[in-house]
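J.:
There are 2 protein chains.
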Amino acid sequence: MYTAESTVRAAQPVGNHSYEEFKELTREFHGCAAPGLLIGGYMVEKARARLPEGTLFEVFVETAKCLPDAVQLLTLCTYGNGRIRLAETGRFALALYDKYTGQGWRVFIDPLKLRQWPEIETWLLKKKSKQEQDSDRLLEEIGLAGEELFGIQSVGISERFLEKSSSGPIAPCPGCGEPYTAVDGPICRGCLGQTPY
Amino acid sequence: MYTAESTVRAAQPVGNHSYEEFKELTREFHGCAAPGLLIGGYMVEKARARLPEGTLFEVFVETAKCLPDAVQLLTLCTYGNGRIRLAETGRFALALYDKYTGQGWRVFIDPLKLRQWPEIETWLLKKKSKQEQDSDRLLEEIGLAGEELFGIQSVGISERFLEKSSSGPIAPCPGCGEPYTAVDGPICRGCLGQTPY
C-alpha cells in the first residue's frame with residue numbers, strides 16, 4: 095500500500111536484478127522503461143518462483159503489449175524461438191508452464207490490490223491522459239508494489255497447445271520463385287496478395 | 095559461391111558485430127545460434143543500410159520463425175513495443191520501412207543465389223533431416239555468404255498498416271474482475287473461454 099511508510103521502503107528486486115538495473119535493461123531492449131514492461135518483469139519472476147527448479151518452461155502472454163518483452167529480457171523464451179505465444183484475452187496477465195506437462199502458474203493483476211496503488215490504477219485504467227499522469231510516481235509505485243500487485247493461480251495448458259506443429263515442406267513458389275511453406279497451397283500467400291506492401 | 099577460394103574468405107560481419115560476436119548474442123537471447131537467426135541478422139543489416147541515416151523504422155517479418163529475434167537483437171523494434179509485426183506469407187523475408195511514410199526495403203532469399211550455397215539450400219528446403227545435415231558447414235556457409243544470399247526490393251507499406259490503433263478503454267471485467275480491453279464486449283475474452291488453459 096502506498097503510505098507515508100512506503101517512502102522508507104525500497105523498490106523490490108526483479109529476480110536477480112535490482113529495479114534500477116532492470117529499468118536499464120528495458121531501455122536498451124525496448125527503447126524506454128515502459129510501466130507495463132516493469133510490471134511484467136515482476137509477473138515473470140512471480141510465476142517462475144513457483145515452478146520447480148530446472149523446469150523447461152514456455153509462456154503464454156494474454157496481451158502483446160509490453161509483456162512479451164519482460165519475458166524475453168528475463169528468460170530464454172523469445173518470439174523467434176516460439177516459446178512465447180499470444181492468447182489475447184485483453185487482460186494484463188501471463189502464464190509460465192512446463193513445456194511437457196502444461197502445468198504452470200498464471201499471474202494477473204489483482205483488482206483489490208490495484209486499488210492500493212493509485213498511480214498504477216490511474217495508468218492501467220487510463221483514468222487520466224498520459225500527460226496528466228505522474229510518471230515518476232508511477233514508476234516508484236511499481237517498484238514498491240513489486241510482486242504484491244498480482245494474484246497467482248495454478249493452470250494447466252490444454253493438450254492441443256502442447257503439440258508442436260511443423261511447417262512442413264519448403265518449396266520454390268511458382269509465382270515469385272522464393273522458398274515458401276508448401277502447405278499453404280500451389281503458390282505462396284505473398285503471390286496471393288496477402289502482404290502489407 | 096562455395097569454392098576452394100571460399101576457404102580463405104572470412105565470415106562477413108553482421109552490421110557492427112563480427113560473425114562470432116553475433117553468434118554469441120544469439121545464444122544468449124535465443125538459446126542457440128540457429129541458422130535462420132544468423133541469416134536473419136544479415137537480412138536486417140542489408141535492409142537497414144538502404145534506409146536514410148536516422149530513419150525511424152518499423153519491421154514486417156513474413157515468418158515468426160527466428161527472424162523476429164534477429165530484428166530484436168539488432169534494432170529497437172521488439173514484439174512488446176509493437177514495432178515488429180507479422181505478415182505471414184510463409185517466405186523467409188522481412189521489410190524495414192519508414193514508420194511515417196511506409197517506404198522501405200524488403201529483403202528475401204534469392205533462389206538463384208541459394209543454389210550457390212549447397213548446405214544452406216539443403217537446410218532451408220529441408221532436403222535432408224536435421225541429423226544428416228552438416229551444421230558446422232551450414233554455419234560456415236552462412237557467414238561466408240553474408241548479405242549476398244538475398245535479393246532486395248523497394249516496398250511501400252499500405253496506409254492502413256501505418257495507422258496505430260489504440261486498445262481503447264480498460265475496465266474491470268464483471269466476470270473475473272480483472273482489468274480488460276472493454277472494446278471486446280461486456281465480459282473479457284478470458285471469461286468467454288478463449289484461453290489455452
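Chains as they are written, first to last, in my numbering: chain A, 95 to 291; chain B, 95 to 291. The C-beta atom is built at its ideal place from N, Cα and C for all residues, glycine as well.
1) Check each candidate in A:261, A:249 and A:205 and name the one with the smallest Cα separation from residue 243 of chain A.
2) Quick one, are the C-beta atoms of residue 108 of chain A and residue 136 of chain A less than 8 angstroms apart?
3) Does the Cβ of residue 298 of chain B have 16 or more other Cβ atoms within 10 Å, making it buried, or fewer, making it exposed?
4) Expressed to the nearest angstrom, what Euclidean distance is found between the alpha-carbon atoms of residue 222 of chain A and residue 232 of chain A?
5) Use the C-beta contact count for residue 173 of chain B: other C-beta atoms within 10 angstroms, 16 or more gives buried, fewer gives exposed.
6) Let me know if residue 141 of chain B comes out buried or exposed under the rule of 16 or more other beta-carbons within 10 Å of its beta-carbon.
7) So is residue 181 of chain B in contact with chain A if we call contact Cβ pairs under 8 angstroms?
8) Should residue 129 of chain B and residue 236 of chain B be called a contact, given that it needs their Cβ atoms to be closer than 8 angstroms?
9) Would you mind listing the alpha helix (DSSP H) stretches within the region 198-276 of chain B that are 4+ residues and don't spill past its ends, in chain order?
10) Between residue 268 of chain B and chain A, is the shortest Cβ-Cβ distance under 8 angstroms, so that the two count as touching?
11) If you check the beta carbons only, do residue 106 of chain B and residue 245 of chain B fall under 8 angstroms apart?
12) Who are the neighbours of residue 161 of chain A on chain B, taking C-beta pairs under 8 angstroms?
13) Does the beta-carbon distance from residue 155 of chain B to residue 133 of chain B come in below 8 angstroms?
14) Please list the segments of the alpha helix (DSSP H) lying wholly inside the region 96-177 of chain B, counting only runs of 4 or more residues, in order along the chain.
15) Span of the beta strand (DSSP E) holding residue 190 of chain B?
16) What are the residues that DSSP puts in a beta bridge with residue 179 of chain A?
17) Do we get a CB-CB distance below 8 angstroms when we pair residue 203 of chain B with the residues of chain A?
18) Shorter than 8 angstroms from the beta carbon of residue 135 of chain B to some beta carbon of chain A?
19) Determine whether the beta carbon atoms of residue 289 of chain B and residue 181 of chain A lie at a separation below 8 angstroms.
20) Residues of chain A with a CB under 7 angstroms from the CB of residue 289 of chain B: which are they?
21) Give the interface partners of residue 209 of chain A over in chain B, defined as CB-CB distance under 9 angstroms, in chain order.
22) In chain A, what lies closer than 9 angstroms to residue 131 of chain B by C-beta?
23) Against residue 249 of chain A, what residues of chain B qualify as contacts under a CB-to-CB distance less than 8 angstroms, listed in chain order?
24) On the CB-based measure, 16 or more other CB atoms within 10 Å of its CB, does residue 258 of chain A come out buried or exposed?
25) Quick one: which chain B residues come within Cβ less than 7 angstroms of residue 140 of chain A?
26) Should residue 224 of chain A go down as buried or exposed, given a rule of 16 or more other Cβ atoms within 10 Å for buried?
27) List, in chain order, every chain A residue whose beta-carbon is nearer than 8 angstroms to that of residue 124 of chain B.
28) Tell me which residues share the same chain as residue 170 of chain A and place their Cβ nearer than 8 angstroms to its Cβ, disregarding the 5 neighbours each side in the sequence.
29) Relative to the alpha-carbon of residue 152 of chain A, which residue among A:123, A:255, A:266 and A:213 has its alpha-carbon at the smallest distance?
30) Return yes when the Cβ of residue 217 of chain B is within less than 8 angstroms of the Cβ of residue 227 of chain B, no when it is not.
31) Please list, in chain order, all residues of the same chain as residue 116 of chain A whose beta carbon is under 6 angstroms from its beta carbon, the five residues on each side excluded.
32) Assuming residue 272 of chain B and residue 185 of chain A are in contact, meaning their beta carbons sit under 8 angstroms apart, how far apart are those beta carbons, in whole angstroms?
33) With 7 angstroms as the limit, tell me which residues of the region 217-242 of chain A have their beta carbon closer than that to any beta carbon of chain B; keep them in chain order.
34) Report buried or exposed for residue 194 of chain A, applying the criterion of at least 16 other Cβ atoms within 10 angstroms of its Cβ.
T.: In this structure, then:
1) A:205
2) yes
3) Because chain B spans 95 through 291 in this model, residue 298 of chain B falls outside it and cannot be assessed.
4) 12 angstroms
5) buried
6) buried
7) yes
8) yes
9) 205-208, 212-218 and 229-239
10) no
11) no
12) 174
13) no
14) 113-124, 129-142 and 161-168
15) 187-192
16) A:154
17) yes
18) no
19) yes
20) 181 and 183
21) None at all; the shortest Cβ gap to chain B is about 10 angstroms.
22) 174 and 175
23) 291
24) exposed
25) The premise fails here: residue 140 of chain A is roughly 15 angstroms from chain B at the closest Cβ pair, so nothing lies under 7 angstroms.
26) exposed
27) 170, 172, 174 and 175
28) 177
29) A:255
30) yes
31) 108 and 135
32) 5 angstroms
33) 218, 219 and 220
34) exposed
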